[in-house]
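Quick note: the sequence shown uses this note's numbering, first residue 28, plus one each step. Quick reminder that beta carbons are idealized off the backbone N, C-alpha and C, glycines included.
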Amino acid sequence: MKHLLSTADLSREEAVKILDIAGEMREAGTRVVKKLPALRGRTVVNLFFEDSTRTRISFEAAAKRLSADVINFSAKGSSVSKGESLKDTAQTLLAIGADAVVIRHPDSGAPARLAATDWIDLPIINAGDGTHEHPTQALLDAFTLRRQLALRDGVSATGLGLDGLKVAIVGDILHSRVARSNLWLLNTLGASVTMVAPPTLLPVGAESWPCTISYDLDQVIAEGVDALMMLRVQGERMRAAYFPNPREYSRYWGLDDARLGTLDAAGAETLIMHPGPMNRGLEISSAAADSPRSTVLDQVTNGVAVRMASLYMLLSGDLI
Ligand code: CP
Numbered sequence: 028m029k030h031l032l033s034t035a036d037l038s039r040e041e042a043v044k045i046l047d048i049a050g051e052m053r054e055a056g057t058r059v060v061k062k063l064p065a066l067r068g069r070t071v072v073n074l075f076f077e078d079s080t081r082t083r084i085s086f087e088a089a090a091k092r093l094s095a096d097v098i099n100f101s102a103k104g105s106s107v108s109k110g111e112s113l114k115d116t117a118q119t120l121l122a123i124g125a126d127a128v129v130i131r132h133p134d135s136g137a138p139a140r141l142a143a144t145d146w147i148d149l150p151i152i153n154a155g156d157g158t159h160e161h162p163t164q165a166l167l168d169a170f171t172l173r174r175q176l177a178l179r180d181g182v183s184a185t186g187l188g189l190d191g192l193k194v195a196i197v198g199d200i201l202h203s204r205v206a207r208s209n210l211w212l213l214n215t216l217g218a219s220v221t222m223v224a225p226p227t228l229l230p231v232g233a234e235s236w237p238c239t240i241s242y243d244l245d246q247v248i249a250e251g252v253d254a255l256m257m258l259r260v261q262g263e264r265m266r267a268a269y270f271p272n273p274r275e276y277s278r279y280w281g282l283d284d285a286r287l288g289t290l291d292a293a294g295a296e297t298l299i300m301h302p303g304p305m306n307r308g309l310e311i312s313s314a315a316a317d318s319p320r321s322t323v324l325d326q327v328t329n330g331v332a333v334r335m336a337s338l339y340m341l342l343s344g345d346l347i
């Protein structure tokens, strides 16, 4: 594993190893460890061509907690606005002394292009590219699921996959790199996936994916599911033709108060997940987002541990 570009590239052994190392990064099961010397003297560059709160900050926290130096690059305010290319930007970072590049880019495939060219010979981590993939988000989601289930069952999470787990990914699948990365990883770890979406927000070809497709969220909830992974409606990527009516979307595809009540009345143990940022009142109600079932903030915390594990595996030479 030289780069982390797509969860489709990960074997079950590699994925479980990343989750296990992330588990070691959690202190006493509640906090992420504050500082390890593992990457002292190494420099991680966060190369962000698209806005981010969670991913950029947690990669920065992860690198610093491994004692690496961090350079944060944001395309806004950089020479990208003067027309500088990805190649010249990347080679400038190499000349400055980068040892690894974490890249978020609006174009699907930009991280893979950086990894495939001879522009720079550094580990590349995809921090989200267009509608393609967001592998560390899927890894932190898997980590969250695995840890929650292990806590519930009173067993150690180490070495476990997600065998037999039923996960519904709900909403704007068309524009979601989170959905795609989760689909591949959840399958690799043994979970079964149902994609729930309006027909206009499913990509062409989704019927050939390794999942069940549903257009009925209430039916999926009634049949029972271990986790509902709600997706952000990505207005910024939508053409007018796709943009749903907010009230209609919330009524049919949102995890609203009524659906939360259905879960509670049934005594279901269903977890509520969201990668953030959330459109409260659209794909998820505030009551659902803030309920005891919600793992939203736990996912953010786990993101630091998973990103520490990813940087550690790529930079320390502790490869499979
Ligand atoms: N989940 C996620 O990628 O959030 P950010 O866009 O804030 O990084």
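Helix, strand or coil: which one does DSSP assign to residue i?
| i | result |
| --- | --- |
| L346 | At L346, the pLDDT of 48 sits below 50, so the modelled position is not reliable; the number obtained from the coordinates is stated separately. Coil at L346, not helix or strand. |
| S105 | coil |
| R259 | coil |
| L74 | strand |
| I147 | coil |
| N410 | Here the chain comprises residues numbered 28 to 347, so residue 410 is not present and cannot be evaluated. |
| V43 | helix |
| I20 | Residue 20 lies beyond the residue range present for the chain, which begins at 28 and ends at 347; the question has no answer from this structure. |
| L129 | Sequence inspection shows Val at residue 129; the Leu mentioned does not correspond to that position. The answer is strand: DSSP assigns V129 an E or B state. |
| S321 | strand |
| T34 | helix |
| D115 | helix |
| L244 | helix |
| I98 | strand |
| V182 | coil |
| G155 | strand |
| E310 | coil |
| V223 | strand |
| A353 | With the chain covering 28 to 347 only, the question about residue 353 has no answer from this structure. |
| T328 | helix |
| K91 | helix |
| V60 | coil |
| E252 | Glu is not the amino acid found at residue 252; the sequence shown has Val there. In the structure shown, V252 sits in coil (DSSP, three-state: anything other than H, G, I, E or B). |
| L167 | helix |
| E275 | helix |
| L121 | helix |
| L298 | strand |
| V194 | strand |
| L189 | coil |
Measure the CB-CB distance between residue i and residue j and report whether it falls below 9 Å.
| i | j | result |
| --- | --- | --- |
| K91 | L341 | no |
| L212 | A139 | no |
| V205 | P302 | yes |
| L244 | A195 | yes |
| I240 | A233 | yes |
| L141 | V197 | no |
| D168 | N209 | yes |
| T328 | M300 | no |
| T82 | T163 | yes |
| F76 | A35 | no |
| M335 | A125 | no |
| L176 | S219 | no |
| I152 | S337 | yes |
| K114 | T70 | no |
| T221 | V182 | no |
Apart from the five residues on each side of it in sequence, which residues of its chain come closer than 7 Å, Cβ to Cβ, to residue i?
| i | result |
| --- | --- |
| K61 | R92 |
| P150 | K29, H30, A127, L341 and L342 |
| D325 | T171 |
| N306 | R259 and V260 |
| Y276 | V260 and L309 |
| S112 | none |
| R173 | L46, A184, L187 and L189 |
Within the same chain, show all residues whose beta-carbon is closer than 6 Å to that of residue i, passing over the 5 residues directly before and after it, in chain order.
| i | result |
| --- | --- |
| A332 | A49, M52, R53 and V59 |
| S94 | P64, L66 and R67 |
| G155 | R131, H161 and R204 |
| R264 | H202 |
| P304 | none |
| P273 | L309 |
| D199 | L228, L258, V260 and Q261 |
| F86 | N73, V129 and R334 |
Thinking residue i and residue j are a contact (beta carbons under 8 Å), I'd like their distance in whole angstroms, please.
| i | j | result |
| --- | --- | --- |
| R320 | T297 | 6 Å |
| G262 | F270 | 7 Å |
| G110 | P133 | Between P133 and G110 the Cβ distance is about 16 Å, and since that is not below 8 Å, they are no contact. |
| S312 | D283 | 5 Å |
| L166 | L46 | 7 Å |
| G251 | A285 | Not quite, the Cβ-Cβ distance comes to about 18 Å (not below 8 Å), so this is no contact. |
| G217 | D190 | 3 Å |
| G136 | V43 | Incorrect: roughly 27 Å between the Cβ atoms, too far for contact. |
| P230 | Y242 | Rounded, the Cβ-Cβ distance is 15 Å, inconsistent with contact. |
Return the chain-ordered list of same chain residues with a C-beta closer than 8 Å to the C-beta of residue i, the five sequence neighbours on each side being excluded.
| i | result |
| --- | --- |
| L120 | V72, L74, I98, F100, V128 and I147 |
| T116 | L74, F100, S105, S106 and V107 |
| A316 | I299, H301, M305, R307 and V323 |
Pocket of the ligand GTP defined by Cβ to heavy atom distance under 7 Å: Absence of the ligand GTP is noted for the structure shown, with the ligand CP being the only ligands found.
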